[in-house]
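Enquirer: Input: one structure, supplied below.
Set out below in structure tokens:
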């Protein structure tokens, strides 16, 4: 039996991880995600897990690397400046091919920025896993329930590809309260896998977790293997949700909290007689490029809404490849686009005649 | 004309061999470098304690980056300076395994200072083998935090000065006041007389971990003939004459002796 409780996004994220069998958490305080480590510190010991407060985000992500290599379901969480510091460790985690989950409750930037909601770590999340050719498989929930659900799915995806998975949300999703349906807490999977270190190595070949390949061909081969996993994720772990008119003249594309705002705006625009549809990617990498290309061939225009200065829109434009005009409506620095902003923009776009085939 | 000596092969006995905890991989270290001795001492200790199949080696960044190829144990390679954090993650997941890091002075005393100090503060039950040769070896001889005043390196071409390069860092002295430290010693392999006591300290450090007493670290004052610009024997002499006055050999903390069975008093 599942129970329904009122939770903050941060708490739902932490509980979702515990419910998914995560028993190890290494983190460092930073607003607006502090309720995640606090929740872990309180509740992980109940299930025999370990919460450890690291001396920095650099240390935290390297503790995650060690724990993942030892076979644990392990997570860390942070917010933008802390995620910058974790890039080094993420690169090693990609190169050494170990699974983990990293939560980024994005805040305003650059620099120390502020603690308001933002989506300005889109590139950092979807392009970044530090230096090299690696990336983070990135998933963007848009409600407290989705935070709870997706952090659990993230562990499965991470382990399927032996790669880091990032849950990308923001200061609003982190701190707002919503009803959340909880599952019973699952037991963690066994530590020992064919590639893990630790336990008793007398009955098997010794294992080495490593990202050093001085032979250029070997390094290239590793990169091709990693990229092949991303291709597989593109087929098997691509997620997006659509809502609104079935025969839209305008397609709205947004993720996370922006999509939450756009849902209302799309509904209102449809009521006002402007046929709109919302495409909300949950997986940001892999990105639903093929689906966007299909819509781009059918709609008059596309509107991208994001809380950053035109990061997400680049992926949309790459997918659309000029098939139709792509417009951007955005706020940044901790500011949020309102349903009125988006509705007005949609009505204006519908009123403007120029567009595809016109 | 020399006489031919016939050896009775049947009567030969192995009295000295490669430790089981070392692989057959040829080491890539320069002639006269003491990394090889340090590796051997650690491997002998692993053999003697019978812990090879539950030991995890953590290689760091520097000349010893390939430690995972030399130690015949489970192993992981860590980013520059982060080995104690990686060790923490492993040990918390696998408390029954014996986890040690092998780090140079650039790795531990420069970029990784925070990680090693905080691992010690947490009384993290791990062992650190700290190779101090007062220079960044792998990157071709730049100044390290442990470089001696006046020592010429590729980034202190006229010798390290306080004005431009600051003072050498004495890691052991700095860590002495950390309550989480169970065993802390500085040793060297500069002459045979030092080697046995170096091994004794390494063994004590691993015993501290086996008994769950907390953090242990052995600093090994080591040579780098290549980047010191000295012949191997001169380099060993340099350790005794120049390095040891700055880095005196000492057992700084020993909670192993007297902590139950097996204690043998201070070295």
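Residue numbers (the working numbering), protein chains in the order written: chain A, 800 to 1157; chain B, 88 to 354. Backbone N, C-alpha and C define an ideal beta-carbon position, used for all residues, glycine too. Since this is a predicted model, take the numbers as computed values, not measurements.
Find the residues of chain D that neighbour residue 135 of chain B, judging by a C-beta separation of less than 8 Å, and give them in chain order.
Expert: Checking the listed chains, one finds no chain D in this structure; the protein chains it contains are A and B.
Enquirer: Is there contact between the region 1068-1077 of chain A and the region 1139-1149 of chain A, where contact requires at least three CB pairs shorter than 8 Å?
Expert: Yes, the region 1068-1077 of chain A is in contact with the region 1139-1149 of chain A.
Enquirer: Residues of the region 1109-1141 of chain A with a CB closer than 7 Å to any CB of chain B: list them in chain order, please.
Expert: Within the region 1109-1141 of chain A, no residue qualifies.
Enquirer: In chain order, what residues of the same chain have a beta carbon less than 6 Å from the beta carbon of residue 126 of chain B, not counting five sequence neighbours either side?
Expert: Within the second chain, residue 126 of chain B is the residue found at index 39, counting from 1. Counting only Cβ-Cβ distances below 6 Å, and skipping sequence neighbours, we find 157.
Enquirer: Does the beta carbon of residue 862 of chain A sit closer than 7 Å to a beta carbon anywhere in chain B?
Expert: Here residue 862 of chain A is taken as the residue at index 63 of the first chain, counted from 1. Cβ-Cβ to chain B under 7 Å: yes for residue 862 of chain A.
Enquirer: Output the distance between the C-alpha atoms of residue 150 of chain B and residue 803 of chain A, rounded to the nearest integer angstrom.
Expert: Taking the second chain and counting its residues from 1, one reaches residue 150 of chain B at position 63. Taking the first chain and counting its residues from 1, one reaches residue 803 of chain A at position 4. Spanning the two alpha carbons is a distance of roughly 56 Å.
Enquirer: Verify whether the separation of the beta carbon atoms of residue 859 of chain A and residue 912 of chain A is less than 7 Å.
Expert: The residue labelled residue 859 of chain A in the question sits at position 60 within the first chain. The residue labelled residue 912 of chain A in the question sits at position 113 within the first chain. Result no, Cβ atoms of residue 859 of chain A and residue 912 of chain A do not sit closer than 7 Å.
Enquirer: From residue 163 of chain B to residue 1079 of chain A, what distance separates their C-alpha atoms?
Expert: Numbered from its first residue, the second chain carries residue 163 of chain B at position 76. Numbered from its first residue, the first chain carries residue 1079 of chain A at position 280. Using only the alpha carbons, I get a separation of about 40 Å.
Enquirer: Just the chain A side, please: which residues come within less than 9 Å of residue 164 of chain B by C-beta, in chain order?
Expert: For this step, residue 164 of chain B is matched to residue 77 along the second chain. In chain order: 891, 895, 1007, 1008, 1009, 1010 and 1011.
Enquirer: Please list the residues of the region 976-999 of chain A that have a C-beta atom closer than 8 Å to any C-beta atom in chain B, keeping them in chain order.
Expert: Going along the region 976-999 of chain A in chain order, one finds 990, 996, 997, 998 and 999 with a Cβ nearer than 8 Å to chain B.
Enquirer: Run through chain A and tell me which residues come within less than 8 Å of residue 161 of chain B, C-beta to C-beta.
Expert: Here residue 161 of chain B refers to the residue found at position 74 of the second chain. Within chain A, the residues near residue 161 of chain B are 996, 997, 1000, 1005, 1006 and 1007.
Enquirer: Under DSSP, the alpha helix (DSSP H) around residue 164 of chain B begins and ends at which residues?
Expert: Reading the second chain from its first residue, position 77 is the one you call residue 164 of chain B. That residue, residue 164 of chain B, is in no alpha helix (DSSP H); its beta strand (DSSP E) goes 161-164.
Enquirer: If I follow the unbroken beta strand (DSSP E) through residue 896 of chain A, where does it start and stop?
Expert: Here the question's residue 896 of chain A lines up with position 97 in the first chain. Segment: none, residue 896 of chain A is in no beta strand (DSSP E) and carries neither H nor E.
Enquirer: If you drop the 5 nearest sequence neighbours on each side, which residues of the same chain put their C-beta closer than 6 Å to that of residue 199 of chain B?
Expert: As a first step, residue 199 of chain B is located in the second chain; it is residue number 112 there, counting from the start. Only 168 meet the Cβ criterion.
Enquirer: Where does the unbroken alpha helix (DSSP H) through residue 234 of chain B begin, and where does it stop?
Expert: Looking up residue 234 of chain B in the second chain gives position 147. Unbroken run through residue 234 of chain B: none, as it is neither H nor E.
Enquirer: Helix, strand or coil: which one does DSSP assign to residue 348 of chain B?
Expert: For this step, residue 348 of chain B is matched to residue 261 along the second chain. In this prediction, residue 348 of chain B has a pLDDT of 43, which is less than 50 and means its spatial position is unreliable; what the coordinates show is noted afterwards. If DSSP states are grouped into helix, strand and coil, residue 348 of chain B belongs with coil.
Enquirer: Please return the same chain residues whose Cβ sits closer than 6 Å to the Cβ of residue 1118 of chain A, not counting the five positions on each side in sequence.
Expert: The residue labelled residue 1118 of chain A in the question sits at position 319 within the first chain. Counting only Cβ-Cβ distances below 6 Å, and skipping sequence neighbours, we find 1088, 1091 and 1092.
Enquirer: Helix, strand or coil for residue 112 of chain B, going by three-state DSSP, please let me know.
Expert: As a position in the second chain, residue 112 of chain B is number 25, starting the count at 1. Reduced to three states, the DSSP call for residue 112 of chain B is coil.
Enquirer: Roughly how many whole angstroms lie between the Cα atoms of residue 1131 of chain A and residue 213 of chain B?
Expert: For the purposes of this step, residue 1131 of chain A is taken as the residue at position 332 of the first chain. For the purposes of this step, residue 213 of chain B is taken as the residue at position 126 of the second chain. Residue 1131 of chain A and residue 213 of chain B: Cα-Cα distance of roughly 45 Å.
Enquirer: On the three-state DSSP scale, how would you describe residue 968 of chain A?
Expert: Numbered from its first residue, the first chain carries residue 968 of chain A at position 169. Correct three-state label for residue 968 of chain A: strand.
Enquirer: Could you name the residues of the region 1031-1063 of chain A whose beta carbon sits closer than 7 Å to any beta carbon of chain B, in the order they occur along the chain?
Expert: Those would be none; no residue qualifies.
Enquirer: The region 821-850 of chain A: which residues have C-beta closer than 8 Å to a C-beta of chain B, in chain order?
Expert: Flagged, chain order: 823, 825 and 849.
Enquirer: Determine the closest residue to residue 115 of chain B out of B/152, B/333 and B/278, with distance taken between C-alpha atoms.
Expert: Working through the second chain from its first residue, we reach residue 115 of chain B at position 28. Of the candidates B/152, B/333 and B/278, the one whose C-alpha sits nearest the C-alpha of residue 115 of chain B is B/152.
Enquirer: Let's test the definition: count the other Cβ atoms within 10 Å of the Cβ of residue 1036 of chain A and tell me whether it reaches 16, buried, or not, exposed.
Expert: Within the first chain, the letter at position 237 stands for residue 1036 of chain A. Buried, because 16 or more other Cβ atoms sit within 10 Å of the Cβ of residue 1036 of chain A.
Enquirer: So if DSSP puts residue 229 of chain B in a beta bridge, which residue, or which two residues, is it bridged to?
Expert: Position 142 of the second chain, counted from the first residue, corresponds to residue 229 of chain B. Its beta-bridge partners are B/223.
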